[in-house]
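Scroll down for the structure; my scribbles are underneath it.
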Amino acid sequence: MSSHTRILGGRYEVGELIGHGGMADVHLGHDTRLGRQVAIKMLRSDLARDPSFLMRFRREAQSAAGLNHPSIVAIFDSGEEETLEPGSDGRVSRLPYMVMEHVDGQTLREQLTERGQFEPTEALRVTEGILDALDYSHRMGIVHRDIKPANVMMTREGVVKVMDFGIARAIADTAATMTQTQSVVGTAQYLSPEQAQGQVVDARSDIYSTGCLLFELLAGRPPFQGDSPVAIAYQHVGETPQPPSIFNDAVAGDLDAVTLHALTKDRERRYQDAGSFRRDLENVRLGRPISDAALGTADAVGAAPTQTMPAPYAQAGAPTVVQPALAAGAAGAAGAARWENTAGMPAVGREEEPEERRGRGGKIALITALVLGLLALAGWGGVTLLGNQTQQVAQVSVPDLSGMNERTAQRTLTERKLRGEATKVASADVDAGDVVGQDPGANAMVAENSVVEYQVSTGPDSVSVPVVAGQKQDAAQKLLTDAGLSVKAVQEENTPDQAKGVATKTDPAAGETVGKGAEVTLFVATGNVQVPDNLVDQDFSVAAVQLNDLKLKYSRVEKEAADTAAGTVLEVANAGKVVPVGSTIEVTVAAAPTTPPTTVTTTVTAPPETPTETPTSSDTPSETPGSTTTTSPPSTDTPTTPPPAADPTGQQGGSGGQGGQGGEQAVDEPSPTPSLGRTTDPQDDDEQ
Numbered sequence: 001m002s003s004h005t006r007i008l009g010g011r012y013e014v015g016e017l018i019g020h021g022g023m024a025d026v027h028l029g030h031d032t033r034l035g036r037q038v039a040i041k042m043l044r045s046d047l048a049r050d051p052s053f054l055m056r057f058r059r060e061a062q063s064a065a066g067l068n069h070p071s072i073v074a075i076f077d078s079g080e081e082e083t084l085e086p087g088s089d090g091r092v093s094r095l096p097y098m099v100m101e102h103v104d105g106q107t108l109r110e111q112l113t114e115r116g117q118f119e120p121t122e123a124l125r126v127t128e129g130i131l132d133a134l135d136y137s138h139r140m141g142i143v144h145r146d147i148k149p150a151n152v153m154m155t156r157e158g159v160v161k162v163m164d165f166g167i168a169r170a171i172a173d174t175a176a177t178m179t180q181t182q183s184v185v186g187t188a189q190y191l192s193p194e195q196a197q198g199q200v201v202d203a204r205s206d207i208y209s210t211g212c213l214l215f216e217l218l219a220g221r222p223p224f225q226g227d228s229p230v231a232i233a234y235q236h237v238g239e240t241p242q243p244p245s246i247f248n249d250a251v252a253g254d255l256d257a258v259t260l261h262a263l264t265k266d267r268e269r270r271y272q273d274a275g276s277f278r279r280d281l282e283n284v285r286l287g288r289p290i291s292d293a294a295l296g297t298a299d300a301v302g303a304a305p306t307q308t309m310p311a312p313y314a315q316a317g318a319p320t321v322v323q324p325a326l327a328a329g330a331a332g333a334a335g336a337a338r339w340e341n342t343a344g345m346p347a348v349g350r351e352e353e354p355e356e357r358r359g360r361g362g363k364i365a366l367i368t369a370l371v372l373g374l375l376a377l378a379g380w381g382g383v384t385l386l387g388n389q390t391q392q393v394a395q396v397s398v399p400d401l402s403g404m405n406e407r408t409a410q411r412t413l414t415e416r417k418l419r420g421e422a423t424k425v426a427s428a429d430v431d432a433g434d435v436v437g438q439d440p441g442a443n444a445m446v447a448e449n450s451v452v453e454y455q456v457s458t459g460p461d462s463v464s465v466p467v468v469a470g471q472k473q474d475a476a477q478k479l480l481t482d483a484g485l486s487v488k489a490v491q492e493e494n495t496p497d498q499a500k501g502v503a504t505k506t507d508p509a510a511g512e513t514v515g516k517g518a519e520v521t522l523f524v525a526t527g528n529v530q531v532p533d534n535l536v537d538q539d540f541s542v543a544a545v546q547l548n549d550l551k552l553k554y555s556r557v558e559k560e561a562a563d564t565a566a567g568t569v570l571e572v573a574n575a576g577k578v579v580p581v582g583s584t585i586e587v588t589v590a591a592a593p594t595t596p597p598t599t600v601t602t603t604v605t606a607p608p609e610t611p612t613e614t615p616t617s618s619d620t621p622s623e624t625p626g627s628t629t630t631t632s633p634p635s636t637d638t639p640t641t642p643p644p645a646a647d648p649t650g651q652q653g654g655s656g657g658q659g660g661q662g663g664e665q666a667v668d669e670p671s672p673t674p675s676l677g678r679t680t681d682p683q684d685d686d687e688q
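Start counting the sequence shown at 1; every next residue gets the next number (UniProt numbering).
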């Protein structure tokens, strides 16, 4: 690993740049802990201080992290890295990142740019994969809200992967419109009519966007094109798309019908879930009949797809007029990519149709020019277009929530006729429970009932203490500091678990959650252990286990002991002292006596007066301690001669002993005490 390699979270190596978008860059990465290739998505540094972008980035991590599906790019981890801001005199900013599954392949946008169109069969298969992912995410309560070719990847094996849940929201959040300070957030070519008008979105908005994507796969261009995102959004609201077969002769009538049904303006009349859309695509692919609802849409469009929309899709009492369709192939895939960045645009409305449709073409052109002119003059301000009139939405000023607690902030927004949406973020500078930031900012003018997102501090950022056991001291300290912790002290400890200089544990322990910057004590092995001092009087097998556990060798020395059970430890060398791991410890163990102690009584009679013969070497008593040699008594014919005095050499008789009287002498025999010794390694004990 190069010394200049950037490491995130103490484990992720940041490699080459492999992609970038409107708010983030994606790098190839390597997870050093699990040894796998990953993709690392990092918020652009110039956006890291903007609360709205921070919130969106965090929301993506939260939304996608709970989704586990083969057609959704997996999120493995997320975090924030502290970096020095250039030219800020040491000011530190927090740069959020996500660690994702690395997909080896291309986005659909890249493939469309290269190929122009997909074969219908392949377009069906790809769209079915997208709908599989959406069906799962919708069941998990998440609406994607930004389905487009740039957010779908295909692996080299052809597996579809949906990614970028950056503006995803929970279905249960009824405040989840597509508006942001009166602007529509999304990608113009794939906005549903309800998104373009700033209405509440639900799973059916993803259905419409997927219909736009299917249309582009088949036709090589999106259903609507224009000179600006606003012009395209207006067409989503008021213009009926042409069938894709107009641009691709290989598209069958049933596939036209299914595509147009997904693009129905009224969400109550389009596919109600991803599963029903997918089933109709499967029916087309397998040559089975499609649903009656899709056939009904095809019948309604008929051979004049650019005519006025059917009455059920228009607003009550206000039939709509559509704009003339753009020339086929006006922009194609390149034109689609031009406006494909997710961005903000003003919400648009529908235009009333004059009672008399005289001079239809000229009036339509005039109305279109007026619409775009009004939007430009209003600075994309929140103007609703209704016929030849404009209606200004009531606006209020966003209050400054900084320093308020969550309850006070919510009450303040309610009093201003605004809705608040709080998220929790870590902050070392703001007390827990107080507002850290908000979007829109203070004093911004927004429509009544708009959503103001604000962040509430949870206190200092928390981190999990990493596992350092088994690492050398320097590496362990680096792991701790990379995780945002401070090594307060390094303490040595005697342990058999690690070699000298290797980390053994931390305090707080690995896995515990602590505040970022918290102090941690690192423990390092000395390479020594303390010999137990409690082994005497225990059975040798117990002592052997304890010594083995401490990775100590031992030599077993046996000593006969009459008053101690065999196998009992009598003595342990260096008990209580510190010795290097692997040292040999001498253990003295009791052994049973070889001969039991006895007392022998011998009657000795004095020898005759004739000199006693000197005993031969074989008659000499043994010098082995505890042994006794008894001389056979002489003839009893001379009982009056006394026994000789004791001879220190062990011999009996002699000239000096003739005058003694006969009698009895008791001789005690001490028990033999031989010493038998051997050295034993810990593993030898298994053979005893």
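Just so it is clear, CB atoms sit at the ideal spot from N, CA and C, and this is done for glycine as well.
- DSSP, read as helix, strand or coil, puts Pro-149 in helix.
- Boundaries of the alpha helix (DSSP H) around His-138: 120-139.
- Taking all protein chains shown into account, Glu-60 has 16 or more neighbouring C-beta atoms within 10 Å of its C-beta and is therefore buried.
- Between the alpha carbons of Leu-401 and Pro-51 lies a gap of roughly 13 angstroms.
- Note: His-20 is bridge-paired with Asp-25 in the DSSP secondary-structure output.
- Inter-residue distance for Ala-565 and Val-587 is about 15 angstroms (C-alpha atoms, whole angstroms).
- Of Ala-509, Gly-79 and Val-446, the smallest CA-CA separation from Val-467 is found for Ala-509.
- Counting along the chain, Ile-290 sits inside no beta strand (DSSP E), nor does DSSP assign it H or E at all.
- Of all C-beta pairs linking the region 503-522 to the region 535-547, fewer than three are shorter than 8 angstroms, placing the two stretches out of contact.
- The beta carbons of Ser-63 and Phe-165 sit closer together than 7 angstroms.
- Residue pairing from DSSP leaves Met-404 without any beta-bridge partner.
- Pro-193 places its beta carbon less than 7 angstroms from that of Val-237.
- In the DSSP assignment, Pro-229 falls within the alpha helix (DSSP H) that extends over 229-238.
- For Ala-591, the enclosing beta strand (DSSP E) covers residues 584-591.
- For Tyr-97, DSSP records a beta bridge to Met-42 and Gly-79.
- Per the coordinates, the alpha-carbon of Ala-573 lies some 15 angstroms from the alpha-carbon of Leu-550.
- By alpha-carbon distance to Thr-513, the top candidate from Leu-535, Val-531 and Leu-485 is Leu-485.
- From the listed residues Ile-207, Asp-256 and Ile-585, the smallest Cα separation to Leu-131 is found for Ile-207.
- Between Met-153 and Val-99, the C-beta spacing is not below 7 angstroms.
- When Met-23, Leu-17, Leu-34 and Gly-29 are compared, the shortest CA-CA separation from Ile-7 is found for Gly-29.
- In the three-state scheme derived from DSSP, where H, G and I count as helix and E and B as strand, Asn-548 is classed as helix.
- The beta-bridge partner set that DSSP reports for Val-398 is empty.
- Secondary structure at Pro-440: coil, using DSSP grouped into helix, strand and coil.
- Between the alpha carbons of Asp-46 and Val-529 lies a distance of about 55 angstroms.
- In this structure, DSSP gives Tyr-208 a helical state, which the three-state scheme calls helix.
- Bridge partners of Lys-161 according to DSSP: Met-153.
- Contact between the region 403-416 and the region 10-22 is absent: fewer than 3 CB-CB pairs across the two stretches fall below 8 angstroms.
- Across the structure, Met-163 and Met-404 are spaced so that their CA atoms are roughly 36 angstroms apart.
- The beta carbon of Leu-570 is closer than 8 angstroms to those of Val-536, Lys-559, Ala-561, Thr-564, Thr-588, Val-589 and Ala-590 in its chain, skipping five residues each way along the sequence.
- Straight-line spacing of the CA atoms in Leu-218 and Gly-141 works out to 30 angstroms.
- Note on Gln-438: 16 or more other CB atoms within 10 angstroms of its CB, so buried under the neighbour-count rule.
- Looking at the backbone, the Cα of Ser-205 and that of Gly-226 are separated by about 21 angstroms.
- In terms of CA proximity to Thr-408, Ala-422 leads the group Gly-576, Leu-522, Pro-243 and Ala-422.
- In the DSSP assignment, the residues bridged to Ala-525 are Glu-493.
- If you look at Leu-535, you'll find it isn't in any alpha helix (DSSP H); DSSP assigns it neither H nor E.
- Annotation: the continuous beta strand (DSSP E) that includes Thr-107 extends over 105-107.
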